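The sequence shown begins at -15 in our numbering and counts up one residue at a time. Ideal Cβ placement from N, Cα and C applies to all residues, glycine included. What you are looking at is a predicted structure, and each value in this text was computed from that prediction instead of being measured.
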Amino acid sequence: MPEKEWLANNRFYYPIDDAKLQSIFYFSLIWNIYEKELCNKDGRIGNHPNEHSKNYAGKVDQRLLSSVFEYFKNRYIASGQPTEQFITFEFKSELIKSEVLNCLTMENPSCEEMIEALLKIAFRLRNNLFHGEKQIEKLYEQNENFKQINLLLMNLIENR
-15 MPEKEWLANN RFYYPIDDAK LQSIFYFSLI WNIYEKELCN KDGRIGNHPN EHSKNYAGKV
45 DQRLLSSVFE YFKNRYIASG QPTEQFITFE FKSELIKSEV LNCLTMENPS CEEMIEALLK
105 IAFRLRNNLF HGEKQIEKLY EQNENFKQIN LLLMNLIENR
């Protein structure tokens, strides 16, 4: 029985729209490569965002980095204040959350600062995806977030 049919029959999911989950599906594969090749198979939010921001600031595609950063800045900041999406985004660490917020509200963050903030967001998206209860409708709302993070991760992997 196909997975989609099984979910519909056994977990009472509404019909799943694959297109609205495509970037989330790809994220699991891209993250696997990122963690294997750039994190020595053990990615940690306390180490790798800072380390990779230093190592890749001069290698990453600057336009892509700015575009991904602007996407998350527009999502999480409005009139200089955190949006409801940012406030309810589970970081598990107030220090990390405040560091990301500080970067998102900066006038002109450096490439290093943008990479570090975006990777901290990526680590939290990953943890929030793989742990805890999810509603399919809520995942649909996250597809663009994963699409943007996938773009960054692919660029980092290509430029390692």
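Should the region 73 to 90 be regarded as contacting the region 35 to 51, the criterion being three or more beta carbon pairs within less than 8 Å?
Remark: fewer than three beta-carbon pairs, one from each stretch, lie closer than 8 Å, so the region 73 to 90 and the region 35 to 51 are not flagged as touching.
Separation of L113 from I14, as counted between CA atoms
As a first step, residue 14 must be located in the sequence shown, where it is residue number 30. As a first step, residue 113 must be located in the sequence shown, where it is residue number 129. Using only the alpha carbons, I get a separation of about 14 Å.
With burial defined as no fewer than 16 other Cβ atoms inside 10 Å of the residue's Cβ, what is the status of L85: buried or exposed?
Reading the sequence shown from its first residue, position 101 is the one you call residue 85. Looking at its Cβ environment, which holds 16 or more other Cβ atoms inside 10 Å, L85 is buried.
For E74 and A101, I'd like the C-alpha separation in whole angstroms.
As a position in the sequence shown, residue 74 is number 90, starting the count at 1. As a position in the sequence shown, residue 101 is number 117, starting the count at 1. The alpha-carbon atoms of E74 and A101 are separated by roughly 15 Å.
Assuming Q132 contacts V44 (C-beta within less than 8 Å), just tell me the rounded distance between them.
Stepping through the sequence shown from its first residue, residue 132 is reached at position 148. Stepping through the sequence shown from its first residue, residue 44 is reached at position 60. Between V44 and Q132 the Cβ distance is about 14 Å, and since that is not below 8 Å, they are no contact.
Measure the C-alpha to C-alpha separation of S63 and K81 and round it to an integer number of angstroms.
As a first step, residue 63 must be located in the sequence shown, where it is residue number 79. As a first step, residue 81 must be located in the sequence shown, where it is residue number 97. Distance between the alpha carbons of S63 and K81: 18 Å.
Based on the DSSP secondary-structure assignment, which residues constitute the bridge partners of P66?
By 1-based counting over the sequence shown, the position of residue 66 is 82. Per DSSP, I61.
Please classify F11 as buried or exposed, where buried requires at least 16 neighbouring CB atoms within 10 angstroms.
Here residue 11 is taken as the residue at index 27 of the sequence shown, counted from 1. F11 should be labelled buried.
Buried or exposed for K20, going by 16 or more other Cβ atoms inside 10 Å?
One-based indexing of the sequence shown puts residue 20 at position 36. Classification of K20: exposed, given that the 10 Å Cβ count is below 16.
Apart from the five residues on each side of it in sequence, which residues of its chain come closer than 6 Å, Cβ to Cβ, to M98?
Taking the first residue of the sequence shown as 1, we reach residue 98 at position 114. Taking M98 as the centre and dropping the five residues before and after it, the same chain places the C-beta of L49, F53 closer than 6 Å to its C-beta, in chain order.
Buried versus exposed, by CB contacts within 10 Å (16 or more), L103
Taking the sequence shown and counting its residues from 1, one reaches residue 103 at position 119. Per the 10 Å Cβ criterion, buried.
Could you name the residues of the same chain whose beta carbon sits closer than 8 Å to that of H32, not counting the 5 residues immediately before and after it, in chain order?
Translated into the one-based positions of the sequence shown, residue 32 becomes position 48. The beta carbon of H32 is closer than 8 Å to those of L22, C23, L103, F107 in its chain, skipping five residues each way along the sequence.
Rounded to the nearest angstrom, what separates T67 and K57 at their Cα positions?
Here residue 67 corresponds to residue number 83 of the sequence shown, with the count starting at 1. Here residue 57 corresponds to residue number 73 of the sequence shown, with the count starting at 1. In a straight line, the C-alpha of T67 is about 10 Å away from that of K57.
Entirely within the region 92 to 122 and at least 4 residues each: give me those alpha helix (DSSP H) ranges in chain order.
Counting only runs of 4 or more, we get 95 to 114.
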